[in-house]
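Chemist: Numbering (the working numbering), first residue to last: 9 to 459. Even for Gly, the Cβ is constructed at its ideal location relative to N, Cα and C.
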């Protein structure tokens, strides 16, 4: 273009060929430059000083960087009907959280949806209901094992007061004095003797003894709460299966003790607490109260709560709804074709969604799409997981659990990942597994790198 005119303009005397145009001010260019772009998520997790939790796909295959933290608050709400892909997302987030140096994960599972992911990376998956049956490898708890410490003894008094009160016994100052005297006497005994049965022998109140009977050996919950040694995992990835426990009389006592143990381990390392099927927590006063406290206080301990439930109505009707709404700056809504219905749409509006966002949730594809709502921006994304990732995150059927049990008994926890991939027909991934260095950064490595 303009080649002949340009050549003619170079010849002397050709005044009108290739006449220069007057310059155009760059101010006119401002009107044509786009001043906004699609939100692609934060480039880094500044609070944890690391990369985003994971990368996802969006429309047009544009990468989306997901990070739950807004400032120093990482609490996240995940809402979606059953069968919409919630369990896969939770398992992926748990696995990806291990990319942060020193990270630890505590998951309250329901239905074993995170079991495969837990054992594949060397974690402890523990069925809390195993002790309520005849399972030989059941979890055994010893809540009074550390009562020689005065702080632990004070906690044990409050824990026992709650346990006995739920049995219909009034806890007055006299009852608390009986408990404290018995705990003080038991504190001088060997650790193996600091059991509920040992406490019952020392109690001077018949009424208190009778209230403790169901939780001592010989009672329905004795195998779970009256052990001489505690059989509870210590790995950085802990998963507690609650399906068979929720609804039993031991639920509040067991959960209260596990909450206590988890809080003892929150030492400033990046920590993620996953509560799956949160509607069960909302129905239980003890669990709900603890969740409210966690949402308000765990930020100071560098811990985040990932709360998942099937329906916004469960939260909307709960007493802790304000705490969840205020404390979870990041929310992930899964596809729900009923979101257009007036009653359900009203609940979505109360959680901050406008009409366009409700339409996106209603028209999204189940088991593929996720809608992220954050103070930083909003985006519909899909995980785009490959067959290896799905092998570990989408293994929750009865058949999968039977296979997991067989592989664990044959290969143990250390050989589980390779054996599981081989069972899924992913032999090429098994070969890579042996060649890949440990991807989990250690705190020492991180400090050396920064230095």
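How is the beta strand (DSSP E) around residue 86 delimited, first residue to last?
Modeler: 84–87
Chemist: Report all residues from its chain with a CB closer than 6 Å to the CB of residue 346; omit the five preceding and five following residues, and keep chain order.
Modeler: 352
Chemist: For residue 343, is the classification buried or exposed, using 16 other Cβ atoms within 10 angstroms of its Cβ as the cut-off for buried?
Modeler: Residue 343 is buried by the Cβ-count criterion.
Chemist: Run through DSSP, which three-state label would residue 36 get?
Modeler: helix
Chemist: Alpha carbon to alpha carbon, what distance is there between residue 87 and residue 198?
Modeler: Between residue 198 and residue 87, the alpha-carbon positions lie close to 47 Å from each other.
Chemist: Buried or exposed: residue 24, going by 16 or more other Cβ atoms within 10 Å of its Cβ?
Modeler: exposed
Chemist: Near residue 362, what residues of its chain come up, given a Cβ to Cβ distance below 7 Å and the 5 sequence neighbours on each side ignored?
Modeler: none
Chemist: Quick one: any contact between the segment 375–382 and the segment 98–114, if contact means 3 or more CB pairs under 8 Å?
Modeler: no
Chemist: Could you check how far apart the C-beta atoms of residue 126 and residue 247 are, in whole angstroms? I think they sit under 8 Å.
Modeler: 4 Å
Chemist: From residue 256 to residue 229, what distance separates their C-alpha atoms?
Modeler: 9 Å
Chemist: Which ranges does the beta strand (DSSP E) cover as unbroken runs of at least 3 residues, wholly within the segment 91–124, from first to last along the chain?
Modeler: The segment 91–124 contains these whole beta strand (DSSP E) runs: 112–117.
Chemist: Could you tell me the distance, in whole angstroms, from the CA atom of residue 22 to the CA atom of residue 16?
Modeler: Their Cα atoms are separated by approximately 6 Å.
Chemist: Here's a check: name, in chain order, each residue in its chain whose Cβ is nearer than 6 Å to the Cβ of residue 135, leaving out the five neighbours to either side.
Modeler: 249
Chemist: Would residue 14 be called buried (16 or more neighbouring beta carbons within 10 Å of its own) or exposed?
Modeler: exposed
Chemist: Would you tell me roughly how many angstroms separate the C-alpha atoms of residue 276 and residue 95, rounded to the nearest one?
Modeler: 27 Å
Chemist: Inspect the beta-carbon positions of residue 328 and residue 296 and report whether they are closer than 8 Å.
Modeler: yes
Chemist: Out of 208, 91, 61, state which residue places its alpha-carbon closest to the alpha-carbon of residue 84.
Modeler: 61
Chemist: Please determine, among 428, 90, 131, the residue with the shortest C-alpha to C-alpha distance to residue 412.
Modeler: 428
Chemist: With distances taken from CA atoms, which of 133, 132, 311, 201 is nearest residue 274?
Modeler: Of the listed residues, the one whose Cα sits closest to residue 274 is 311.
Chemist: Which one of 208, 395, 282 has the shortest CA to CA distance from residue 438?
Modeler: 395
Chemist: Taking only runs of the beta strand (DSSP E) that begin and end inside the segment 306–334, which ones reach a length of at least 3 residues, in chain order?
Modeler: Listed in chain order, they are 311–317.
Chemist: Among residues of its own chain, excluding the 5 on either side of residue 360, which ones have a beta-carbon nearer than 7 Å to its beta-carbon?
Modeler: 381
Chemist: In terms of residue numbering, what span does the beta strand (DSSP E) encompassing residue 47 cover?
Modeler: Per DSSP, residue 47 lies in no beta strand (DSSP E) segment and is marked neither H nor E.
Chemist: Strictly by DSSP, which residues pair up with residue 338?
Modeler: 84, 382
Chemist: Beta carbon of residue 121, beta carbon of residue 404: below 8 Å?
Modeler: yes
Chemist: How many Å lie between residue 358 and residue 331 at the Cα?
Modeler: 14 Å
Chemist: Would residue 436 count as contacting chain C if we go by Cβ distances under 8 Å?
Modeler: Reference to chain C is not applicable here, since this structure consists of a single protein chain.
Chemist: Going straight from the alpha carbon of residue 407 to that of residue 258, what length do you get?
Modeler: 29 Å
Chemist: Could you please give the first and the last residue of the uninterrupted alpha helix (DSSP H) stretch that includes residue 412?
Modeler: 406–419
Chemist: Between the C-alpha atoms of residue 212 and residue 186, what's the straight-line distance to the nearest angstrom?
Modeler: Roughly 6 Å between the two C-alpha positions.
Chemist: With DSSP collapsed to three states, give me the class of residue 274.
Modeler: coil
Chemist: Going straight from the alpha carbon of residue 137 to that of residue 146, what length do you get?
Modeler: 8 Å
Chemist: Under a three-way DSSP split, which group does residue 207 fall into?
Modeler: helix
Chemist: Please report the straight-line C-alpha distance between residue 217 and residue 208, rounded to a whole angstrom.
Modeler: Straight across, the Cα-Cα distance linking residue 217 with residue 208 is about 5 Å.
Chemist: Would you report the Cα separation of residue 182 and residue 176, rounded to the nearest angstrom?
Modeler: 16 Å
Chemist: Here's a check: name, in chain order, each residue in its chain whose Cβ is nearer than 6 Å to the Cβ of residue 261, leaving out the five neighbours to either side.
Modeler: 171
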